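Peer 1: Numbering (our numbering), first residue to last: 1 to 211. Beta carbons are placed, not taken as given, at the ideal position from N, Cα and C, and that holds for glycine. Only a predicted model underlies this, so the values are computations on that prediction, with no experimental measurement involved.
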Amino acid sequence: MPSPIIPAAEALVRLRDGNARFVANVRSVDALASLSRRIDPATQQAPFAIVLGCADSRAPAETIFDQGLGDLFVIRVAGNIVAPSQIGSVEFAAERFGTQLVVVMGHSHCGAISATVDSMQPSDRPAASRNLLSITDRIAPAVSPLMQTELVKNRPALLRAATRANVSASASHLRHGSRLLEELILNRGLIVVGAEYDLETGVVDFFDGVL
Ligand SMILES: [Zn+2]
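1. Which residues in the same chain have their Cβ closer than 7 Å to the Cβ of residue 158, if we skip the five residues on either side of it in sequence?
2. Once DSSP output is grouped into helix, strand and coil, what is the label at residue 167?
3. Does the beta-carbon distance from residue 102 to residue 80 come in below 8 Å?
4. Pull up the distance between the alpha-carbon of residue 61 and that of residue 139, whole angstroms please.
5. Comparing the CB of residue 194 with every heavy atom of ligand 1, is any distance shorter than 7 Å?
6. Helix, strand or coil for residue 188 per DSSP?
7. In the DSSP assignment, the beta strand (DSSP E) including residue 88 goes from what residue to what residue?
8. In the DSSP assignment, what are the bridge partners of residue 105?
9. Flag this pair as yes or no: are the beta carbons of residue 244 and residue 19 separated by less than 8 Å?
10. Is residue 72 helix, strand or coil by DSSP?
The following block contains the structure:
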């Protein structure tokens with residue numbers, strides 16, 4: 001029997017509650033039980049949220065949101081960028097499983113963000129590989145306007161603003177870069193929100209697109 005579709009607002013509450021447990025250092029019985037459980041492959045998965053996060057080893061969505069097997073459909077790529085394969089992955093999950101909440105999650109101390117900022121400032125570092133450039137080039141348009149502001153004099157503040165600008169750009173790209181996702185947003189209650197995970201406190205701040 002297919003699982004009922006969980007509305008985006010309810011999915012967001014589950015993520016906030018799970019993150020509060022993570023911050024308080026308590027794991028839910030459900031998450032622990034499902035981590036020790038084998039999944040029956042005959043049962044279709046029914047993730048209640050899609051998370052596009054960074055590949056950083058310190059930012060695993062399942063842990064940060066205290067969720068178990070089958071709960072989250074997670075896409076991870078350095079700098080949580082949106083390229084065609086990420087859009088395709090989100091389309092797949094949203095269409096196939098009816099998942100209604102998409103979270104783009106950046107994080108503090110992101111190497112992809114600092115590499116992008118470094119690439120926009122004069123430096124004697126060796127040039128990045130073409131493959132790495134394919135990531136920083138996708139982040140650069142969101143960061144570029146910040147480089148014309150006073151923020152360039154304060155690197156921590158610049159990096160924080162750049163992280164958030166990149167999350168907002170990725171979320172906007174998902175909202176407007178796919179006809180299928182636009183249709184799901186208009187007619188089926190899909191929402192795309194942006195968040196930042198703070199490595200020091202463990203707190204995830206949903207700051208973009210939350211009603
Ligand atoms: Zn990162």
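Peer 2: With the structure as the only source:
1. The residue labelled residue 158 in the question sits at position 158 within the sequence shown. So the qualifying residues of the chain are 117, 146, 151 and 152.
2. Translated into positions along the sequence shown, residue 167 becomes position 167. In the structure shown, residue 167 sits in a helix (DSSP, three-state: H, G or I).
3. Residue numbering aside, residue 102 sits at position 102 when the sequence shown is read from its first letter. Residue numbering aside, residue 80 sits at position 80 when the sequence shown is read from its first letter. Cβ distance not < 8 Å, so residue 102 and residue 80 don't count as in contact.
4. Translated into the one-based positions of the sequence shown, residue 61 becomes position 61. Translated into the one-based positions of the sequence shown, residue 139 becomes position 139. In a straight line, the C-alpha of residue 61 is about 21 Å away from that of residue 139.
5. As a first step, residue 194 is located in the sequence shown; it is residue number 194 there, counting from the start. It does not: the Cβ of residue 194 is nowhere closer than 7 Å to a heavy atom of ligand 1.
6. By one-based count along the sequence shown, residue 188 stands at place 188. Taken through DSSP and simplified to helix, strand or coil, residue 188 comes out as coil.
7. To locate residue 88, count along the sequence shown from 1; it is residue 88. Counting along the chain, residue 88 falls outside any beta strand (DSSP E), though it belongs to the alpha helix (DSSP H) covering 84-97.
8. As a first step, residue 105 is located in the sequence shown; it is residue number 105 there, counting from the start. Note: residue 105 sits in a beta bridge opposite 53 and 195.
9. Residue 244 lies beyond the residue range present for the chain, which begins at 1 and ends at 211; the question has no answer from this structure.
10. For the purposes of this step, residue 72 is taken as the residue at position 72 of the sequence shown. Three-state DSSP puts residue 72 in a strand.
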